[in-house]
Amino acid sequence: MSARDRFWCETAGLVLVRQRPGSAKGVMFITLEDETGIANLVVWTKVFEAHRRIILSAGMIAVKGRVQREGEVVHFVAQTITDLSHDLASVGQRDEAFRLPPGRGDEFHNGPPALDPLCGAKPRSFLGD
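Going by my numbering, 1500 is the number at position 78 of the sequence shown; the sequence numbering is gapless.
In structure tokens form, the structure reads like this:
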């Protein structure tokens, strides 16, 4: 996340992990993932109580909040949370084509990938030549 400290923004993603350690004084930590990476959410007690059902049950959420930076560590402090699980559940019923380029596991079906000239053999300098 490249946003500056205390910047208000919105993010959404799949809920990977929910943690509420006993030593955190009621604070909950949530890890979200989207196609760009992961986000570490901090959910204070008041926000948790206001959105308890969504936080504990949703598979995908949208979050509005503020960026908190401490050196290299970046957290996203949640203010409002919206359940997007219904959007996640409807992915399989959509009519639009969503084509992805073939991956390495698709070589049997699609044939070997074209050779990338940038990934080929590199000239080496050998001692004694």
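The beta carbon of each residue, even a glycine, is placed where N, CA and C say it ideally should be.
Small disclaimer: the values here were computed from a predicted structure and weren't measured.
Query	Result
My output table needs one value for Leu-1506: the three-state DSSP class, helix, strand or coil.	coil
If contact is defined by three or more beta carbon pairs under 8 Å, each pair taking one atom from either stretch, is the region 1426-1436 in contact with the region 1465-1478?	no
For Val-1485, count neighbouring C-beta atoms within 10 Å of its own C-beta (all shown protein chains included) and say buried if the count is 16 or more, exposed if not.	buried
Give the single residue among Ser-1445, Ala-1446, Phe-1451 and Lys-1447 whose Cα lies nearest to the Cα of Val-1439.	Phe-1451
Do you know how far the Cα of Gly-1493 is from the Cα of Ile-1476?	31 Å
Compare the beta carbon distance of Gly-1487 and Val-1499 with 8 Å and say whether it is the shorter of the two.	yes
Check each candidate in Val-1464, Ala-1511, Gln-1441 and Gly-1444 and name the one with the smallest Cα separation from Ile-1503.	Val-1464
How is Lys-1447 classed by DSSP in three states: helix, strand or coil?	coil
Can you check which of these residues, Ala-1446, Leu-1436 and Gly-1448, is closest to Asp-1456 by C-alpha distance?	Leu-1436
With a 10 Å radius around its C-beta and 16 neighbouring C-beta atoms as the bar for buried, classify Ile-1483 as buried or exposed.	buried
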